[in-house]
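The structure appears right after this line, and notes come after that.
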Amino acid sequence: MALNKFMHSRNIYRTPPNFENMSKLFTEFSAIAKMDAKGKVTIDFKDPRSIRVLTKCLLKSDFNLDVDIPEDRLVPTLPLRLNYILWIEDLMAAIGRDTDVRGIDIGTGACAIYPLLAAVKQKWFMIGTEMDAVSLQKAQQNVKRNNLQEFVEIKSNEGTMLIENLFTVDVSLKFDFCMCNPPFYSNLQELCESRSPASVFTTMIGHKYNLSELLQDLKVDKIKHTHTEFCQGRVTRWGLAWTYQKHDIYNLVPPREKSRKMKPPIVHKLPELPNCVNNIENAYQKLKLILSQLKIQYRVLDKRGNLIALDIVAKVNTWSNQRRKKRQLKRMEEKVVKKSRLDSETDSANNSSETITSIMEAPHKSTDLVQTSESKQKQETMPGEPIARHNSTDECYQSSEEVEPLVQAFLKLFKKEDSINLEPQFLTGIGGKECLNQIVQYIQNNWK
1 MALNKFMHSR NIYRTPPNFE NMSKLFTEFS AIAKMDAKGK VTIDFKDPRS
51 IRVLTKCLLK SDFNLDVDIP EDRLVPTLPL RLNYILWIED LMAAIGRDTD
101 VRGIDIGTGA CAIYPLLAAV KQKWFMIGTE MDAVSLQKAQ QNVKRNNLQE
151 FVEIKSNEGT MLIENLFTVD VSLKFDFCMC NPPFYSNLQE LCESRSPASV
201 FTTMIGHKYN LSELLQDLKV DKIKHTHTEF CQGRVTRWGL AWTYQKHDIY
251 NLVPPREKSR KMKPPIVHKL PELPNCVNNI ENAYQKLKLI LSQLKIQYRV
301 LDKRGNLIAL DIVAKVNTWS NQRRKKRQLK RMEEKVVKKS RLDSETDSAN
351 NSSETITSIM EAPHKSTDLV QTSESKQKQE TMPGEPIARH NSTDECYQSS
401 EEVEPLVQAF LKLFKKEDSI NLEPQFLTGI GGKECLNQIV QYIQNNWK
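Quick note on numbering: full-length UniProt numbering labels position 277 of the sequence shown as 277, and the sequence is numbered without any gaps.
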């Protein structure tokens, strides 16, 4: 709960839920609850079923919402969703929209969590859109089971653009705000084409690097905007809002992250690689090679000009004690070579004796002996088994959500003033920032 103090000031989950009381109120929760060594009631936060039950019980106890969360669909993180809704409340208050507020949630999901929270908390009128048929049906069922049809309507969205289909059906629709989760608008061109239906557009972003890129694009196009942090537990997400109207939302709802002192990123200058041109592509190839050697998964977030940004995930420590491992490997190889030499000399002597005896006793088998030796040599050199190699993680990158990785981070590789630079940014992981520092040190040591 390291970041709970940075939650929205009105978020009820700044104070953690009382699991002991919940186990008394809900039989379903009691079944997943357990007592730790200190006598404190807790649950297994790595178990998807436990998180599903916890969310369902919190929705019922805190908002009187009976929500069916399908096992094959995403479980909404309630403190995070509430942070988002509370921030939109601030935005609406800032532009003078306190009553009869109308919002649209793009990609509402099976739980329709945002429309349901907005309806029961603020009596806002919400439309949720969904492209997946199963999630659409589940969302509609969740609205009905809570008798919120008066405030919430779930519609199918089949357009190529996120809200294209909805607004071609009813061009008169106007909203005070629009919210969507990644993947959201593909580019600013799509934003400009859909600017009319809502006063304020908002989205939630999972990577701060993506936020920086979007902020830069909005500034270039001179679009009024603001942003914030959504902090809960050990997870941080970012909210981005923009408007094409006259609302000065940056000053009305200034970025919350100013309350947290952010250290400037550390940039590492990498030496020139020998025997190749000192450009970003060669540096990228070298970085990919090192990451593959360390079995670190990666995917490209951005690649333009003299900049390449990667999202990396390390599940095990493969970079520590490399010198000691190399020494041990060398000693083992020397022992194997020495033993093989001794065995070879012994076998050679025995084989010579056996061969002489064999030839003397059965001369007609000499041809067979030579053929067998040649056949064995051919068999040993035939390419029968594949050589172990790493597939390019550009194509096979997988981010496990079941177990928290040792470290997940951004690596920004860029060229500035004829120098290749590496800028790491820690995201999450049980290994902490120290593991990322070790990875960066390994990259620097092997940059040759």
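Each residue gets a CB set at the ideal place from its N, CA and C atoms; glycine is no exception.
All values derive from a computational prediction rather than experimental measurement.
*Using the rule of at least 16 other Cβ atoms within 10 Å of the residue's Cβ for burial, across every protein chain shown, is isoleucine 69 buried or exposed?*
buried
*Report yes if the CB atom of histidine 227 is closer than 8 Å to the CB atom of glycine 239, and no otherwise.*
yes
*Select from Ile95, Cys111 and Val101 the residue whose C-alpha is nearest the C-alpha of threonine 55.*
Cys111
*Counting along the chain, where does the alpha helix (DSSP H) carrying tryptophan 319 start and finish?*
No alpha helix (DSSP H) holds tryptophan 319; DSSP gives it neither H nor E.
_Just to confirm my understanding: we take asparagine 421, look at its own chain, exclude 5 residues before and 5 after, and list those with CB closer than 6 Å. What are they?_
Val267, Lys269 and Phe414
_Considering only DSSP beta bridges, list what threonine 243 is partnered with._
Lys224
*asked:* Beta-carbon within less than 8 Å of leucine 215's beta-carbon, same chain only, minus the 5 sequence neighbours each way: which residues are those?
replied: His225, His227 and Leu240
*On the three-pair Cβ rule with 8 Å, is the stretch 102-110 touching the stretch 23-43?*
no
*For glutamine 245, which residues from the same chain have a beta carbon less than 7 Å from its beta carbon, with the 5 sequence-adjacent residues on both sides left out?*
Ser199
*Given 8 Å as the limit, is there contact between the stretch 148-158 and the stretch 173-182, that is, 3 or more CB pairs closer than that?*
no
*Check whether the Cβ atoms of valine 316 and isoleucine 308 sit closer than 8 Å, and answer yes or no.*
no
_Less than 7 Å between C-beta atoms, sequence neighbours within five positions excluded: which residues of the same chain meet that for lysine 433?_
Phe426
*What did DSSP end up calling isoleucine 280 once you bin it into helix, strand or coil?*
helix
_Give me the DSSP bridge partner(s) of lysine 155._
Thr129
_Close beta carbons around asparagine 146, own chain, < 7 Å, minus the five adjacent residues each side_ = Leu65, Asp66 and Leu116
*Extent of the continuous alpha helix (DSSP H) run through methionine 29*: The sequence given here has phenylalanine at residue 29, not methionine. Its alpha helix (DSSP H) spans residues 27-32.
*For leucine 214, which three-state DSSP category applies?*
helix
*According to DSSP, is glutamate 229 helix, strand or coil?*
strand
*Classification of asparagine 11 by the beta-carbon crowding that lies within 10 angstroms, buried from 16 upward*: buried
*Do glycine 405 and alanine 283 have their C-beta atoms closer together than 8 Å?*
Sequence check: residue 405 is proline here, not glycine. Not closer than 8 Å, so no.
_Using the three-state DSSP reduction, which class does threonine 55 fall into: helix, strand or coil?_
helix
*Where do the ends of the alpha helix (DSSP H) carrying methionine 92 lie?*
78-94
*asked:* Quick check on DSSP: helix, strand or coil for glutamate 150?
replied: coil
*asked:* According to DSSP, simplified to helix, strand and coil, what is alanine 118?
replied: helix
*In whole angstroms, what is the alpha-carbon distance linking alanine 19 and asparagine 157?*
It is phenylalanine, not alanine, that sits at residue 19 in the sequence shown. For phenylalanine 19 and asparagine 157, the distance between alpha carbons rounds to 39 Å.
*asked:* Between which residues of its own chain and serine 9 is the CB-CB distance below 6 Å, once the five residues before and five after are set aside?
replied: none
*Leaving aside the five residues before and after lysine 24 along the sequence, list all residues of the same chain whose C-beta is less than 8 Å from its C-beta, in chain order.*
Ser30
_Straight-line Cα distance separating glutamate 281 from alanine 139_ = 46 Å
_Let me check understanding here. Comparing Cα to Cα, which of Arg73, Phe230 and Asp217 lies closest to histidine 207?_
Phe230
*Whole-angstrom C-beta distance between leucine 82 and tyrosine 13, which should lie under 8 Å*: 7 Å
*For phenylalanine 45, is the classification buried or exposed, using 16 other Cβ atoms within 10 angstroms of its Cβ as the cut-off for buried?*
exposed
*Secondary structure at leucine 307, three-state DSSP: helix, strand or coil?*
strand
*Contacts around leucine 78, its chain only, beta-carbon distance under 6 Å, and the 5 residues preceding and following it disregarded*: Thr55 and Leu58
*At which residues does the beta strand (DSSP E) containing glycine 103 begin and terminate?*
102-106
*asked:* Please state the DSSP three-state secondary structure of aspartate 176.
replied: strand
_Comparing C-alpha positions only, which one of Phe26, Met22 and Ile430 sits nearest to valine 235?_
Ile430
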